[in-house]
Amino acid sequence: MNETFKPGPEAVEIVERESCFRGFYRLDRLRLRHRLFAGGMGPQISRELFVRHDAVCVLPYDPQRDAVVLIEQFRVGAMDKAANPWLLELVAGLIDTDEEPEQVAHREAEEEAGLQLGALWPITGYFPSPGGSDEFVHLYIGRCDSQGAGGVHGLAEEGEDIRVHVWPLEDALQAVKDGRINNAASIIALQWLALNRAEVRGLWV
Numbered sequence: 195m196n197e198t199f200k201p202g203p204e205a206v207e208i209v210e211r212e213s214c215f216r217g218f219y220r221l222d223r224l225r226l227r228h229r230l231f232a233g234g235m236g237p238q239i240s241r242e243l244f245v246r247h248d249a250v251c252v253l254p255y256d257p258q259r260d261a262v263v264l265i266e267q268f269r270v271g272a273m274d275k276a277a278n279p280w281l282l283e284l285v286a287g288l289i290d291t292d293e294e295p296e297q298v299a300h301r302e303a304e305e306e307a308g309l310q311l312g313a314l315w316p317i318t319g320y321f322p323s324p325g326g327s328d329e330f331v332h333l334y335i336g337r338c339d340s341q342g343a344g345g346v347h348g349l350a351e352e353g354e355d356i357r358v359h360v361w362p363l364e365d366a367l368q369a370v371k372d373g374r375i376n377n378a379a380s381i382i383a384l385q386w387l388a389l390n391r392a393e394v395r396g397l398w399v
């Protein structure tokens with residue numbers, strides 16, 4: 195390995211970038227070369243890139259009841275690969291304006307779950323599928339009062355039909371183990387909360 199090689203944007207040469215599709219999302223085709231760990235530039239390669247807005251996901255947590263609020267909705271991406279394409283998920287939304295991630299978290303909690311969130315606890319930020327998408331996810335725990343939460347929510351003009359569930363945290367963790375909760379953001383947030391529950395409740399109760 196070439197010890198002088200330092201990975202970074204300057205180690206990539208974009209030969210050509212072509213827009214293949216433009217809608218709410220975008221698909222680009224890139225021809226590029228990048229430096230190799232062994233030294234020198236590699237061969238030209240072609241990659242399709244799904245260009246998305248960054249996303250915000252938040253797990254509403256009621257520290258008094260040790261309960262979480264999850265939403266359930268149809269997901270077209272799961273239709274051909276899951277027995278049930280209605281997934282249990284976090285409250286989530288895209289940053290498609292000049293809003294800050296925290297503003298999106300509060301807004302989406304109201305729209306999708308009828309919840310007013312209190313404090314937000316940042317968990318992490320991550321790329322869910324960097325091999326073919328540039329989407330970046332901002333992940334939070336949001337303090338809430340789950341009493342009275344439930345029902346069906348969502349914006350009709352966006353085709354949303356979202357059912358709200360309030361579960362004891364232990365039940366949600368068991369659903370992760372059982373595979374009933376099978377999407378990355380939910381698994382990451384719930385496992386993080388399981389590891390940090392005492393600290394979170396110590397500050398929020």
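Residue numbers (my numbering): 195 to 399.
Think of the CB as a built atom: it goes at the ideal place given N, C-alpha and C, for glycine as much as any other residue.
| Item | Value |
| --- | --- |
| Nearest residue (CA-CA) to R301, options L221, G325, I375 and G336 | G336 |
| Neighbour-count burial assignment, G287, 16 or more Cβ in a 10 Å radius | buried |
| G319 (DSSP reduced to helix, strand or coil) | strand |
| Run of the alpha helix (DSSP H) containing R148, from where it starts to where it stops | An answer regarding residue 148 cannot be provided, because it is not within the stretch 195 to 399 covered by the chain. |
| Opening and closing residue of the alpha helix (DSSP H) in which H247 lies | Counting along the chain, H247 falls outside any alpha helix (DSSP H), and DSSP gives it neither H nor E. |
| Other residues of its chain near D222: CB distance less than 8 Å, five sequence neighbours each side excluded | R211, E212, S213, C214, E242, L243 and V245 |
| Cα-Cα separation between D339 and L363, rounded to whole angstroms | 14 Å |
| Per-residue DSSP class, three states only, for A307 | helix |
| Span of the alpha helix (DSSP H) around L363 | L363 to D372 |
| Three or more C-beta pairs below 8 Å linking the stretch 223 to 233 and the stretch 258 to 278 | no |
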